[in-house]
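When you line the sequence shown up against this note's numbering, it's residues 139 to 414, in that order.
Take a look at the structure set out below.
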Amino acid sequence: MFSFEERVRGTRLLSLESTSCTGVLTGEVEPDSAMVLVWLKSGRGTVDGQPVPIGRPTLYRHAPQPFRWESFQKDVIRIDRATVEAVAAERGGWAPGPLEFKPQHVPEGPTLAAWWLMIRTVASEVLHGPEEVPAARERELTRFAAGGLLTAIPHWPVAQRPPRSAGSARFARAETFLLEHAAEPITVGDVAAAADFSVRGLQNAFQRHHGMTPLSYLRRIRLLLAREQLQSGNAEVSVADAARAAGFAHLGRFAAAYREEFGELPRDTRRAALSW
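This is how it looks when you write it as structure tokens:
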């Protein structure tokens with residue numbers, strides 16, 4: 139038996155694709171006008187002969203690449219390349235132009251949480267929103283998706299040495315500081331001071347780039363960090379352990395925020411992971 143199903147939703151600037159197949163697919167990915175990232179939900183796959191990890195985004199480079207997928211479910215996001223380059227220039231403080239990305243980089247911890255926060259937000263609007271999206275909102279959502287990609291994968295302008303990554307502009311420094319210290323008891327003032335922002339300026343920058351306040355962004359990153367711990371299937375990690383490791387000091391408030399974000403209590407997530 140061989141089955142193949144593919145669903146695509148979105149526009150030329152931003153789209154999501156979900157594919158499932160019971161057989162083997164091989165071929166070559168051709169570069170186009172989009173930045174393309176894929177993540178396996180189940181099965182096996184390789185790109186350029188390298189294994190693709192389950193549940194981690196893999197960025198296709200801007201060149202032909204061989205692939206192989208076996209009995210898989212995978213998702214793909216396509217983000218307009220010009221938008222990614224423009225957002226990278228704003229965040230990094232350089233002129234817009236082609237980018238290089240750290241090869242085969244696999245995000246972990248807070249940067250992975252930032253990636254999933256972006257995907258959750260984009261998916262809720264692209265998959266469940268109206269068929270026709272206003273042009274201004276389409277551009278706004280594409281910029282948001284570009285920011286999630288740039289946070290997850292280290293990058294720099296072509297022909298420039300890698301050390302100058304997206305950390306030179308003030309917003310990039312603020313976001314980097316927040317993610318590096320996400321599980322610590324930091325304040326908005328701490329984040330602002332780390333990037334030479336006023337608190338009001340930081341608030342405005344986060345609203346512009348993420349559509350939410352720094353504290354809301356930090357809380358959702360922490361919730362995703364806790365969820366990753368609870369979904370690990372590690373019986374030694376309790377709900378309280380996951381909450382504390384993600385930076386939550388009050389277990390009751392954590393459980394309420396977790397249910398609001400994911401529609402279930404943290405103990406339910408943990409129970410399901412342990413029974414899998």
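The beta carbon of each residue, even a glycine, is placed where N, CA and C say it ideally should be.
*Given that a residue counts as buried once 16 or more other Cβ atoms are within 10 Å of its Cβ, and exposed if not, what is Gln188?*
exposed
*Span of the alpha helix (DSSP H) holding Ser354?*
Pro352 to Leu368
*Compare the C-alpha of Pro272 against each of Pro404, Arg145, Pro241 and Thr149 and name the closest.*
Thr149
_Residue interval of the alpha helix (DSSP H) (run including Val222)_ = Arg219 to Gly230
*asked:* I'd like the list of long-range same chain contacts for Pro301, defined as Cβ closer than 7 Å, with 5 residues on each side in sequence excluded.
replied: With a pLDDT of 46 at Pro301, under the threshold of 50, the modelled position of this residue cannot be trusted, and the question is left open.
_Three-state secondary structure (DSSP) of Trp414_ = coil
*Rounded separation between Gly181 and Glu208 - CA only*: 6 Å
_Tell me which residues share the same chain as Glu398 and place their Cβ nearer than 6 Å to its Cβ, disregarding the 5 neighbours each side in the sequence._
none
*Please report the Cβ distance between Lys212 and Val162, rounded to the nearest whole angstrom; I am assuming they are in contact, meaning their Cβ atoms lie under 8 Å.*
That pair is no contact at about 13 Å.
*Would you check if the region 275–291 and the region 388–402 touch, i.e. whether three or more CB-CB distances between them fall below 8 Å?*
no
*Bridge partners of Ser95, per DSSP?*
Residue numbering for the chain in the displayed model covers 139 to 414; residue 95 lies beyond these limits and cannot be assessed.
*Any chance the region 187–203 sits against the region 223–233, with 3 or more Cβ pairs inside 8 Å?*
no
*How many angstroms separate the CA atom of Pro241 from the CA atom of Thr184?*
14 Å
*How would you label Val244, buried or exposed, when you count the other beta carbons within 10 angstroms and need 16 or more for buried?*
exposed
_Candidates Ile291, Ile217, Met139 and Asp334, of which the one nearest Glu159 by Cα_ = Inspection of the sequence shows that residue 159 is occupied by Cys rather than by Glu. Per the Cα distances, Met139.
*asked:* Please report the distance separating the alpha-carbon of Arg277 from that of Val264.
replied: 13 Å
_Exposure label - Val296; buried when at least 16 CB within 10 Å_ = exposed
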